[in-house]
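Below: one structure, written as structure tokens.
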Amino acid sequence: MSEAPSFRRSRLSGELPFRILTLGSVLLAAALLFTLVAVIMEKSLILWPVEAPLTFLTSSGWFGSTAPSGVITAAFGALPMIWGTLVTSLIGIAVAAPIGIFAAIYLVELAPKRLAAPLTFLVEIVAAIPSVVIGLWALGELSPRLRDSIEWWVASTVGQFIPWLSEDPQQPSDTSVFRSGIVLAIMITPMVAAVSREVIRSVPQSLREGLVGMGATKWETIRLVILPTAKVGLLGAVLLAFGRAIGETIAVRLTIGMNISEIPPTLFQPGSSIAAQIAGAFGEASPIEKGALAGLGLSLFILTLTLSLIVRLLMWRSANRMGART
Amino acid sequence: MNQAPLPNIRLDFSLTPHDIRRRRVNQIMLRIIQAAAIVSVVPLFTILFVIFSKGLPQLGLSFLLNGPLEQPTGIVNAIQGSLVMTFIAIIAAAPIGIGGGIYLNEYASTRVARIGELFIDIMLGVPSILAGLFAYFALVPILGHSGWTGSIALTVLMVPVVMRTTQEVLRLVPAGLREASLALGVPLWRTTIFVTCRTALSGIMTGVVLAISRGLGETAPLLLTSQTSNDVSINLGQPMNAMTVVIYQNATSSDPQIVATAWTTALVLFVVALILNVSVRFKTVNNRVF
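Chains as they are written, first to last, in the working numbering: chain L, 1 to 326; chain V, 1001 to 1290.
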């Protein structure tokens, strides 16, 4: 804005400092992100001589010790944790995506006006419950019930034929991968619903009217117009929630158990996840194990980074397409 | 006069089997959608019910005002810790976030703004445990396990929340307002502060409150950084307790009395989170109406 009239120089003189200040904020935030990644990377360096990155990602086992002579014996494998992270998140999203999207459709398309606002509010409140509170509830209330109902039922019917859905009747465990997945589903459903709601609301009204005018039923309008138009945005909502599920720490830590040495044979056995493992093992970790946990953190960051990039690309693409259409 | 042949229109309006099937499918699907909406709020009521029934018996003034070692036991140190660390974190995060949001929306070129958006996305996506890991590795050697380290870990998580909200509400400010101010000869920076930000103030505050709410609800980063303490003190140089950490650590105990403390703390935390979110909610509702 250098062309602005300059008859009051004293007021204009604030322009540069203000610009520098705000630019500085951006740079500071970017610097925070870079340092975060750099520090975690640097701390994981101690691990790589002991455990090559590729074997770290693809092997199981979790122990390490430093002998007084300085010789390190260690075998760290992230595979069970990566498996646990992905499987719990996939269970979570498989449950949360249909429920969240349908709930959003209900809020936008079907709910009577008087009901829509309070329901939306309730959904937002669920999203605002701190994850440790949900974890506490899951540990004390939900988990035992899931074990005695769904888990027991699945294990005693389908589980007879599919090994990874069976359960050892002698020792039903207090924690399981499946239960963590359900807890994640509860946590991310409101997120899917909230983002999907915005997406569905942005579908042009004329498209709906067109189909209704041709005699389509409400469901046909939803299936033939709303879902296809909102497809990309809904995918974005689901991926965003998936990213949140991957990074969720405390609620998973309280419900998944601490089985870090192997991939559990069935979904109804304890497992571990990357974030839960970092939170749970960090306190008493030896220096080399802290390096391994930093390595875990790094792989977690790469996972969420990839997801963030995909979501952003999707959003840009859909924004471009919408712009081209109208 | 030759009459034109009537077009072949079906004048029979009774439903064909095909129509009946369409109707039935429609009704079934609408029921399913309705059920999904109900299912998505059921956990809220169950959680609410359990928190209140398990947390309320122990709740009292002494619970809020006593330290953990006093009789009857209380969580005043955890409440103080949560509030103090969140306060310090938001003091740092709000200016950075608001300033950054202003730059990205008011000054940056389209390309820079896009890169900035991408950065905010990535930062928002960083799992909170990584902020804890970062603060532990970078700051515990200097500051030790202390309230300061905890606050900085929270700051990392709050900055993108404030920045994203600020950027988004500034985008909603009509260009006409800025132009009117600029046409009066007000320099851009003063326009930004006194017109653009002034208009978007309640939206920006929403972002700040959301960030506070996130800070109060975080557990994992504090577990690694500020750890726990039974001291009733607001000295940021020492390990500090937080409500979330109390819940987490008491949750797995086998002593029902300790688990009860977790439930009551959860009740307190939930009520605080609820108040924060309701206040934000009413602000935005008012904005939309007027």
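For glycine and all other residues, C-beta sits at the position ideal for the given N, C-alpha and C.
At what residues does the alpha helix (DSSP H) containing residue i begin and finish?
i	result
alanine 29/L	15-44
methionine 258/L	Neither: methionine 258/L is in no alpha helix (DSSP H) and is coded neither H nor E.
aspartate 1163/V	Reading the sequence as shown, one finds methionine at residue 1163/V and not aspartate. Start and end: 1147-1172.
proline 1187/V	That residue, proline 1187/V, is in no alpha helix (DSSP H); it is neither H nor E in DSSP.
threonine 1086/V	1076-1102
leucine 1250/V	The question names leucine, but residue 1250/V is asparagine in the sequence shown. Start and end: 1243-1251.
arginine 114/L	113-128
glutamate 209/L	205-213
valine 1041/V	1017-1055
glycine 283/L	From DSSP, glycine 283/L is part of no alpha helix (DSSP H); its letter is neither H nor E.
leucine 165/L	From DSSP, leucine 165/L is part of no alpha helix (DSSP H); its letter is neither H nor E.
tryptophan 137/L	131-137
Which residue or residues does DSSP assign as beta-bridge partners of residue i?
i	result
tryptophan 62/L	Phe76/L
Could you tell me if residue i is buried or exposed, where buried requires 16 or more neighbouring beta carbons within 10 angstroms of its beta carbon?
i	result
proline 1141/V	exposed
proline 1221/V	buried
alanine 1004/V	exposed
asparagine 1277/V	buried
alanine 117/L	exposed
glutamate 284/L	exposed
glycine 1176/V	exposed
aspartate 1019/V	exposed
tryptophan 153/L	exposed
phenylalanine 1282/V	exposed
methionine 48/L	Residue 48/L is actually tryptophan in this sequence, not methionine. Tryptophan 48/L comes out exposed.
proline 1160/V	buried
glutamine 1027/V	exposed
phenylalanine 1116/V	The sequence shown places glycine at residue 1116/V, not phenylalanine. Looking at its Cβ environment, which holds 16 or more other Cβ atoms inside 10 Å, glycine 1116/V is buried.
isoleucine 1032/V	exposed
valine 1169/V	buried
glutamate 289/L	buried
serine 273/L	buried
methionine 214/L	exposed
serine 346/L	Given that chain L is displayed from residue 1 to residue 326, the structure contains no residue 346/L and the question cannot be resolved.
tryptophan 316/L	exposed
leucine 101/L	Leucine is not the amino acid found at residue 101/L; the sequence shown has isoleucine there. When all chains shown are included, isoleucine 101/L counts as buried.
Below 8 Å on the Cβ atoms is my guess for residue i versus residue j; work out the distance and round it to an integer in Å.
i	j	result
leucine 329/L	leucine 107/L	Given that chain L is displayed from residue 1 to residue 326, the structure contains no residue 329/L and the question cannot be resolved.
glycine 135/L	threonine 304/L	With a Cβ gap of about 20 Å, glycine 135/L and threonine 304/L do not count as contacting.
leucine 1267/V	isoleucine 1051/V	5 Å
glutamine 1071/V	isoleucine 1234/V	Wrong, their Cβ atoms sit about 23 Å apart, outside the cutoff.
alanine 1131/V	leucine 1157/V	5 Å
threonine 1149/V	leucine 1139/V	5 Å
serine 60/L	threonine 73/L	17 Å between Cβ atoms; not a contact.
arginine 244/L	isoleucine 188/L	6 Å
methionine 996/V	alanine 1242/V	Nothing can be reported for residue 996/V: it is not among the residues displayed for chain V, which extend from 1001 to 1290.
threonine 1192/V	glutamate 1106/V	5 Å
glycine 1178/V	leucine 1124/V	The displayed chain sequence assigns arginine, not glycine, to residue 1178/V. Rounded, the Cβ-Cβ distance is 27 Å, inconsistent with contact.
threonine 1166/V	isoleucine 1204/V	5 Å
threonine 249/L	alanine 275/L	4 Å
proline 1239/V	threonine 1252/V	Proline 1239/V to threonine 1252/V, Cβ: 20 Å. No contact.
Going straight from the alpha carbon of residue i to that of residue j, what length do you get?
i	j	result
threonine 306/L	arginine 114/L	40 Å
glutamine 1249/V	serine 1151/V	20 Å
glutamine 1257/V	leucine 313/L	50 Å
leucine 1188/V	alanine 1089/V	30 Å
threonine 1073/V	valine 1232/V	12 Å
arginine 1022/V	lysine 218/L	10 Å
phenylalanine 1063/V	alanine 241/L	36 Å
leucine 1083/V	isoleucine 1212/V	9 Å
threonine 85/L	isoleucine 246/L	6 Å
isoleucine 46/L	methionine 81/L	20 Å
valine 1209/V	phenylalanine 1194/V	21 Å
glutamate 141/L	leucine 23/L	49 Å
isoleucine 93/L	leucine 184/L	8 Å
proline 204/L	isoleucine 226/L	9 Å
isoleucine 40/L	phenylalanine 1137/V	7 Å
valine 199/L	arginine 208/L	14 Å
alanine 1135/V	valine 1272/V	26 Å
glycine 77/L	arginine 179/L	24 Å
asparagine 1287/V	alanine 1180/V	Because the pLDDT of asparagine 1287/V is 47, which lies under 50, any placement of that residue in the model is unreliable, and the number read from its coordinates should be weighed accordingly. Using only the alpha carbons, I get a separation of about 22 Å.
valine 1126/V	phenylalanine 301/L	7 Å
arginine 410/L	glutamate 167/L	Any property of residue 410/L remains undetermined from this structure, which presents chain L solely from 1 to 326.
phenylalanine 1049/V	threonine 1206/V	28 Å
alanine 324/L	threonine 229/L	For alanine 324/L, the predicted structure reports a pLDDT of 48, less than 50, and the residue's modelled location is therefore unreliable. The matter cannot be settled from this model.
serine 1279/V	lysine 1054/V	26 Å
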